[in-house]
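Working notes, structure below.
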Amino acid sequence: MYNLALFGPPGSGKGTLAKNLVEKYGFIHLSTGDMIRQEIADQTELGKMAAEIINSGALLSDDIVIKMIQKRIESESTESFGFIFDGFPRTVTQAEALSKMLKENGTPLNAFVKLDVPQEILMERMLRRAEIENRPDDTEEVILNRFKEYEAKTLPVFDYFKNENICFEIDSIGPPERTVRIFDEALGFNK
4 MYNLALFGPP
14 GSGKGTLAKN
24 LVEKYGFIHL
34 STGDMIRQEI
44 ADQTELGKMA
54 AEIINSGALL
64 SDDIVIKMIQ
74 KRIESESTES
84 FGFIFDGFPR
94 TVTQAEALSK
104 MLKENGTPLN
114 AFVKLDVPQE
124 ILMERMLRRA
134 EIENRPDDTE
144 EVILNRFKEY
154 EAKTLPVFDY
164 FKNENICFEI
174 DSIGPPERTV
184 RIFDEALGFN
194 K
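Next comes the structure, spelled out in structure tokens:
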């Protein structure tokens, strides 16, 4: 089993890359954003609470996100190629919890992949996505707040994993096919 986490600022292409890798290799895609949006759509208690927090550009508490991920890991088959964690971990506390969960399952995190994109391109992507997907969490004000949250709380996660020699940085500026090719080359994936 090969487990990897996709890391990067909002709009860097984590979800798009994850979907391409699921199709190409058969990973199980665990997207905290998708899980949370489903809770909101289903109008669950968690969804109502999450909507208010997310619409301000802030992050959900570590405890809530960790429980969601743990529940999904336990419910999925371990006979897949592995897991792609998209949008998780976003804090050092979440990184520690993920490392512990995977080690307890006997399947450690194999790669932590950071997607690099300049902020002006990120803003363009997210505003375009807001129009296409009608996402209330993609206004310019909220996006700027999400960038601040990323720099303050999420960027330190990369340093957490750096000592484990599993970190890769890849350029995610161009079209998705290019990012997949760069990913495959950087991690030695060729199918």
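Residue numbers (the numbering used here): 4 to 194. Where a beta carbon is used, it is the ideal one built from N, C-alpha and C, also for glycine. All of these numbers come straight from a predicted model, not from anything done at the bench.
Beta-carbon proximity check, residue i vs residue j, cutoff 8 Å
i, j, result
"ILE76", "HIS32", "no"
"VAL120", "SER175", "yes"
"ALA98", "PHE164", "yes"
"VAL68", "PRO159", "no"
"LEU63", "ALA53", "yes"
"GLY85", "TYR5", "yes"
DSSP state of residue i mapped onto helix, strand, coil
i, result
"SER34", "strand"
"PRO84", "The identity of residue 84 in the sequence shown is Phe, whereas the question assumes Pro. Residue state, collapsed to three classes: coil."
"GLU172", "strand"
"PHE164", "helix"
"VAL116", "strand"
"LEU63", "coil"
"ASP141", "coil"
"ASN58", "helix"
"PHE10", "strand"
"ASP89", "strand"
"MET4", "coil"
"PHE192", "coil"
"ASP45", "coil"
Same chain only: Cβ atoms within 8 Å of residue i, ignoring 5 sequence neighbours per side
i, result
"PRO13", "LEU125, MET129, ILE146, ARG149, PHE150 and TYR153"
"ASN193", "ASP187"
"THR19", "PRO179 and THR182"
"ALA21", "LEU9, PHE30, HIS32, SER34, ILE87 and ASP89"
Status (buried if at least 16 other CB within 10 Å, exposed otherwise) for residue i
i, result
"LYS51", "exposed"
"ASN166", "exposed"
"GLY103", "This sequence places Lys at residue 103; Gly is not what is there. Answer is exposed; the Cβ neighbour count stays below 16."
"ALA155", "exposed"
"GLY11", "buried"
Sequence-distant residues of its chain with Cβ nearer than 6 Å to residue i (five each side left out)
i, result
"PRO111", "LEU105"
"VAL25", "HIS32"
Near the ligand NAP: residue i beta-carbon under 7 Å from a heavy atom
i, result
"VAL120", "Of ligands this structure carries none, so the ligand NAP is not represented either."
Sequence-distant residues of the same chain with beta carbon closer than 7 Å to residue i, five excluded per side
i, result
"SER83", "GLY29, PHE30 and ILE31"
Sufficient close CB pairs (3 or more, under 8 Å) joining the region 104-121 to the region 32-49: Segments in contact, no.
Does the pairing of the region 64-76 with the region 131-143 give three or more beta-carbon distances under 8 Å? Three or more beta-carbon pairs separated by less than 8 Å are not found between the region 64-76 and the region 131-143, which leaves the two stretches without contact.
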